[in-house]
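Reviewing the structure listed below.
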Amino acid sequence: MKSSVAYLKYVDIGFEPDPSTHVIASYRACRAPASHLEGEAFLGAVAAESSTGTWIDVSTRNARSADISGRVFFHDAQNEIAKIAYPCGLFEAGNISQLLTVVAGNAFGLADLRRLKLVDLQLPESLARAFPGPAFGAGGIWKALGIGANQPVIGAIIKPKCGLSADEHARVAYDAWIGEAPASCDGVDMVKDDEACTSQSAVDSDFYRRVEKTLAMKQRAESLTGRRKIYVPNVTHSNFFEALRRAEFVRANGGEAVMVDYVIAGCSLLHALRFADLGLIIHGHRTLFAALHRPADFGIDYMVWAKLFRLIGGDQVHTGTPALGVMSANRNAVLDVCRAMREPEYAPSNPAEGSLPQPFFGAKAVAPICGAGLDPLTTAPLTDALGTQVVIFAGGGVHGHPHGTRAGAAAMRESVQAVLEHRSLAARASESERDYLRTAVSFFGKFDKQSPNDGERQNL
Ligand code: CAP
Ligand code: MG
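Start counting the sequence shown at 488; every next residue gets the next number (the numbering used here).
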């Protein structure tokens, strides 16, 4: 039986940490029923294991290690919320891996815990400024597309996720960009690879060939429509050198953006791409997040990932979609994340649930991306919830249109126009001579868009 004594040294309820010299982490935590640890020793175990301690007092402990030890300073047992202050001296400024190892590392494996979720993080200026922040930010993206700051950016995800040849991929992207009537109502602004699409030579989709062909089609779409278009190739690779090589290839071929699956590849790859400073918009996909987090008892709330994405320096990031679509998340949780991406300083919406403030010390705002099950009919409720400064990505909602990709892309464009004109899409469709719009309204209207899991805060 482990002694509570060693762990209780890391508990100091009522201590008031200076947010300029500490990283503050809030957790949803409770002790395992079979644990013999007394009182808040199970929280002390988290602070110890995350900073300088272990399960037993050690003779080698010195004053310096004591100075940089984590301290549990707040515990609301009823709501299972605990807060731990980690002194800045514990961290290597600019090293995102080490920061995560501290706040979301070994402690999650402690058998004395029944639940441990990292709910939120607050970094002091000294550590926040050690990262570059977004090169473009939301403003830079809208500027690169040459569109008004108050209108949504429309994106299409190439579907099927994998299996199209480089030529077919480029062709589908072209159709999504030009839409049904290029001169008057063209298609989407951005086309991205899907998160699983990297370089599948077996289906003739070598990354380099795909990028070359798709960027060439992008130029054709820009010439035909007279509008700026962006292609977002997925450069995710476990070999950072190859990921960077792919990003450099995108830049050398006139590309403006890259996507990185930054949860699965790690914030380290995001950091490496940002550090390379290639002048490319960085799009963050969050695949793997759900696998790590949706189990209700252990995980890292998405607010943490999103704050780190902005501080490190991505430009647009999947934030989850509020109570809409097929991977919908709790509305308030998504709204909070969008506020943290957009505002100069994030003020917690619900401190009682562990939400923490975060000044961004001048880091540019990041564009929220919504996706997963969106179509022309979800644009209005989505923009009602999040406003129009949002990037809307649709895969099935474009390529699933009965008349094909061009019609689906144009219907997405029309759905944004309807929002900007404060009219319903149905009203627009009823007056339009374009059959694809009426078809979109009737066809996508058959699918239930209400999320089955509203209210589940944990799932974001
Ligand atoms: C959406 C998507 C995106 C999701 C990720 C998919 O496709 O391409 O990866 O948007 O979810 O693979 O599911 P559909 P989130 O439009 O066809 O659903 O945006 O919540 O991170
Ligand atoms: Mg996808």
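A virtual CB, placed ideally from N, CA and C, is assigned to each residue, including glycine.
Simplified DSSP assignment, three categories, for residue i
{"i": "L603", "result": "strand"}
{"i": "Y497", "result": "coil"}
{"i": "H523", "result": "coil"}
{"i": "F694", "result": "helix"}
{"i": "L947", "result": "Low confidence applies here, because L947 scores a pLDDT of 46, under 50, leaving its location unreliable; read the following figure in that light. Residue state, collapsed to three classes: coil."}
{"i": "H805", "result": "strand"}
{"i": "H888", "result": "coil"}
{"i": "L608", "result": "strand"}
{"i": "G942", "result": "For G942, the pLDDT reaches just 45, beneath the cut-off of 50, and the residue's location in the model is therefore unreliable, although a value from the coordinates is still provided. Coil, per DSSP."}
{"i": "M488", "result": "Note that M488 scores 49 on pLDDT, short of 50, meaning its location in the model is unreliable; the coordinates nonetheless yield the value given after this. Coil, per DSSP."}
{"i": "G627", "result": "helix"}
{"i": "Q876", "result": "coil"}
{"i": "D748", "result": "strand"}
{"i": "V590", "result": "helix"}
{"i": "R518", "result": "strand"}
{"i": "V510", "result": "strand"}
{"i": "E503", "result": "coil"}
{"i": "G841", "result": "coil"}
{"i": "I543", "result": "coil"}
{"i": "P868", "result": "helix"}
{"i": "F930", "result": "helix"}
{"i": "E682", "result": "coil"}
{"i": "A897", "result": "helix"}
{"i": "C649", "result": "coil"}
{"i": "E709", "result": "helix"}
{"i": "A881", "result": "strand"}
First and last residue of the uninterrupted beta strand (DSSP E) at residue i
{"i": "I571", "result": "568-574"}
{"i": "M814", "result": "M814 -> no beta strand (DSSP E), and no H or E assigned at all."}
{"i": "D563", "result": "558-563"}
{"i": "K679", "result": "677-679"}
{"i": "H772", "result": "768-772"}
{"i": "V719", "result": "717-719"}
{"i": "G641", "result": "A quick correction: the sequence has Ile, not Gly, at residue 641. Looking at the DSSP string, the run of the beta strand (DSSP E) that includes I641 is 640-644."}
{"i": "A854", "result": "854-857"}
Any non-hydrogen atom of the ligand CAP within 7 Å of residue i CB
{"i": "A927", "result": "no"}
{"i": "A810", "result": "no"}
{"i": "C649", "result": "no"}
{"i": "L779", "result": "no"}
{"i": "G882", "result": "yes"}
{"i": "L608", "result": "no"}
{"i": "M814", "result": "yes"}
{"i": "A834", "result": "no"}
{"i": "G786", "result": "no"}
{"i": "G858", "result": "yes"}
{"i": "L861", "result": "yes"}
Proximity test, residue i beta-carbon vs the ligand MG heavy atom, cut-off 7 Å
{"i": "E743", "result": "no"}
{"i": "E729", "result": "no"}
{"i": "D681", "result": "yes"}
{"i": "G771", "result": "no"}
{"i": "I645", "result": "no"}
{"i": "G807", "result": "no"}
CB-CB length for residue i against residue j, believed under 8 Å
{"i": "D802", "j": "G635", "result": "Rounded, the Cβ-Cβ distance is 18 Å, inconsistent with contact."}
{"i": "V928", "j": "L912", "result": "6 Å"}
{"i": "V719", "j": "D673", "result": "Wrong, their Cβ atoms sit about 18 Å apart, outside the cutoff."}
{"i": "Q565", "j": "L843", "result": "So it is not a contact: roughly 19 Å between Cβ atoms."}
{"i": "G771", "j": "F796", "result": "5 Å"}
{"i": "P948", "j": "K851", "result": "Coverage of the chain is limited to positions 488 through 947, which leaves residue 948 absent and any answer about it impossible."}
{"i": "F930", "j": "H888", "result": "7 Å"}
{"i": "G932", "j": "L869", "result": "Not confirmed; about 16 Å, so no contact."}
{"i": "G860", "j": "G812", "result": "3 Å"}
N-terminal and C-terminal residue of the alpha helix (DSSP H) that residue i is part of
{"i": "F728", "result": "727-739"}
{"i": "H656", "result": "653-665"}
{"i": "C754", "result": "754-763"}
{"i": "G531", "result": "528-537"}
{"i": "I787", "result": "No alpha helix (DSSP H) holds I787; the beta strand (DSSP E) holding it covers 785-787."}
{"i": "S552", "result": "550-554"}
{"i": "H780", "result": "776-780"}
{"i": "E918", "result": "912-918"}
Heavy atom of the ligand PLP within 7 Å of residue i beta-carbon
{"i": "V821", "result": "Of the ligands this structure carries, namely the ligand CAP and the ligand MG, none is the ligand PLP."}
Checklist entry - Can we say the stretch 516-527 touches the stretch 591-608, given the rule of at least three CB pairs closer than 8 Å? => result yes
Next on the checklist: Three Cβ pairs or more, each shorter than 8 Å: is that satisfied between the stretch 841-856 and the stretch 885-897?
Outcome noted: no
Checklist entry - Is the number of C-beta pairs between the stretch 556-574 and the stretch 753-763 that are closer than 8 Å three or more? => result no
Checklist entry - Would you say the stretch 677-690 touches the stretch 641-651, given that touching needs at least three Cβ pairs under 8 Å? => result yes
Item to check | Segment contact, 8 Å Cβ cut-off, at least three pairs: the stretch 833-848 with the stretch 759-767 | outcome: no
Checklist entry - Hey, is the stretch 609-619 in contact with the stretch 882-891, meaning 3+ C-beta pairs nearer than 8 Å? => result no
Checklist entry - Below 8 Å, can you find three or more Cβ-Cβ pairs linking the stretch 552-569 to the stretch 530-539? => result yes
Checklist entry - Given 8 Å as the limit, is there contact between the stretch 588-596 and the stretch 825-844, that is, 3 or more CB pairs closer than that? => result no
Checklist entry - Is it a yes or a no for the stretch 869-878 touching the stretch 652-659, going by three-plus beta-carbon pairs under 8 Å? => result no
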